[in-house]
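Every position in the sequence shown, counted from 1, becomes a number in the numbering used here once 15 is added. For glycine and all other residues, C-beta sits at the position ideal for the given N, C-alpha and C. All of these numbers come straight from a predicted model, not from anything done at the bench. What follows is one structure encoded as structure tokens, with my remarks underneath.
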Amino acid sequence: MAVASGTKPPETPSRHRGPVDGRALASTATGLAKRFLTLREGSVIVVTLFAFIYFAVSTTHFATGSNFKNLLPYFAPYAIIAAGEVFVMILGEIDLSVGSMWLFTPFMWHTFHHAGIPIWPAVILALLVAMAVGAFNGIATAYVGIPSFVATLGTLFVFAGLTIVISHATQITTPGTSLAHQPTFAKIWGAGTYSELIWALVAVAVLQVVLVLTRWGLYTIAVGGNRFGAAEAGINTRLITVRNFMTSATLAGLAGILEAVRTTTATPDPSSANNFLFFSIAAVIIGGTLMTGGEGTVVGALIGALFLGILQDGLILKGVSSNYLDLYLGLAILVAMAINVYVGRVRRGSGRGG
């Protein structure tokens with residue numbers, strides 16, 4: 016059929032459109048992957064997924080519902096403590112006393128209850144004691160000028176020792192752990208299968224909202240990024256510091272009570288408290304919070320705690336000797352930190368913030 020002069024012939028389907036579309040899709044997928052990895056939580060999510068897939072493939076009973084229940088105690092308490100620690104570390108400070116608060120608070124609760132105070136008010140009083148210790152740490156750091164490492168190291172030893180003194184180095188039975196006598200209390204405060212997980216998710220959700228949507232959170236980031244500049248802008252940097260230490264200590268005490276109810280006993284063992292301290296700080300670091308301050312994420316700390324829980328549970332299921340757990344933990348922290356540093360550089364280079 017003849018085509019009139021000056022008119023454009025009708026287009027025919029191109030044989031190359033498919034490959035072109037394929038390249039466009041690949042480019043889009045690559046862009047989305049880069050955007051995901053430049054999220055603060057992106058790298059730790061990838062590392063956690065790899066760990067989960069590895070153990071699910073290499074062990075028989077890892078990816079089961081029953082094992083998920085066994086996994087919860089490995090990461091839920093760490094996540095609760097880490098959620099509060101994030102607020103301290105964003106300031107460029109550190110709270111080493113969280114291990115002692117985890118150990119000390121259940122014994123204070125036991126002391127209050129056996130002094131005749133009802134079980135619910137006794138819990139509140141014990142948490143208020145933990146909050147007061149956090150206030151002391153904050154005042155010592157912000158007002159007295161003692162470095163937070165030194166101040167909280169001191170309270171770490173003081174309250175670990177005080178726990179041994181008030182308990183007479185004797186294991187206690189946790190109040191309210193009998194499901195027959197206090198079923199509602201026990202299920203809410205740790206005896207329920209998912210109660211610790213629920214507390215962890217609530218704490219993380221609330222504190223993440225506080226961090227990104229409230230003045231408290233914005234001021235925390237500002238103080239951590241440039242303390243003198245924040246003070247010049249009118250931010251009460253000392254108040255923010257005290258408030259964040261109080262949050263950290265209170266959540267550590269809460270995790271201690273939840274664990275005591277779950278296990279029905281509390282043992283005055285400072286070594287176990289130190290394990291919670293180190294694993295919680297590791298979860299914060301792996302989750303993307305910088306020890307130099309100015310940057311952090313509560314959700315990342317939750318995922319970091321999940322990664323550590325998967326690592327512990329998976330290695331135990333594989334029959335790895337406990338002597339190797341610290342070795343693998345240290346390697347995991349180094350790898351995660353290397354990835355976070357690289358991703359942070361990419362984020363800053365792409366204009367997505369520091």
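Determine, using beta carbons only, whether residue i and residue j come nearer to each other than 8 Å.
i      : j      : result
Glu100 : Ile318 : no
Met116 : Val165 : no
Ala316 : Thr304 : yes
Gly244 : Gly309 : no
Phe235 : Phe102 : Here the sequence assigns Thr to residue 235, which means Phe is not the residue at that position. Taking 8 Å as the Cβ cut-off, Thr235 and Phe102 qualify as a contacting pair.
Val59  : Gly302 : yes
Val113 : Leu222 : no
Val276 : Thr199 : no
Glu108 : Ser163 : yes
Leu332 : Phe77  : yes
Starting from residue i, follow its DSSP beta bridges and name the residues at the other end.
i      : result
Thr280 : Thr188
In chain order, what residues of the same chain lie with their CB nearer than 6 Å to the CB of residue i, ignoring the 5 residues before and after it?
i      : result
Tyr93  : Phe294, Ser295, Ala298 and Ala320
Met352 : none
Gln186 : Thr280 and Thr282
Gly335 : One detail in the question is off: residue 335 reads as Val in this sequence, not Gly. There are no such residues.
Phe174 : Ser115 and Phe119
Ala246 : Thr252
Val144 : Met123
Which residue comes first and which comes last in the alpha helix (DSSP H) that contains residue i?
i      : result
Leu142 : Ile134 to Ile154
Tyr93  : Gly80 to Ile105
Asn241 : Neither: Asn241 is in no alpha helix (DSSP H) and is coded neither H nor E.
Met123 : Val113 to His129
Thr167 : Ser163 to Ser182
Asn289 : Pro285 to Ile301
Gly319 : Val313 to Leu332
Val225 : Ser210 to Leu228
Ala248 : Note, Ala248: premise wrong, no alpha helix (DSSP H); not H, not E.
Ala201 : Pro198 to Ala201
For residue i, which residues in the same chain have their Cβ closer than 7 Å to its Cβ, ignoring the five residues on either side in sequence?
i      : result
Ile181 : Phe122 and Thr126
Ile179 : Pro283
Ser263 : Gly99, Glu100, Phe102, Val103, Asp110, Val113 and Gly149
Ala184 : Pro283
Ile95  : Trp214, Ala215, Ala218, Leu266, Leu269 and Ala270
Thr208 : Lys84
So that I know if they touch, is there some Cβ in chain D lying closer than 8 Å to that of residue i?
i      : result
Gly319 : Of the chains in the structure shown, none is chain D; there is only one protein chain.
Looking only at its chain, what residues have a beta carbon closer than 8 Å to the beta carbon of residue i, apart from the 5 residues adjacent to it on each side?
i    : result
Ile1 : Outside the modelled stretch of the chain, which goes from 16 to 369, sits residue 1, for which no answer is possible.
Check whether the segment 321-330 touches the segment 118-127, counting contact only when three or more Cβ pairs, one atom from each stretch, lie closer than 8 Å. no
Given 8 Å, three or more beta-carbon pairs between the segment 56-70 and the segment 279-288: no
Taking one C-beta from the segment 247-260 and one from the segment 155-170 each time, how about it: are there three or more such pairs within less than 8 Å? yes
For the segment 324-342 and the segment 77-96, state whether three or more C-beta atom pairs, one from each stretch, are separated by less than 8 Å. yes
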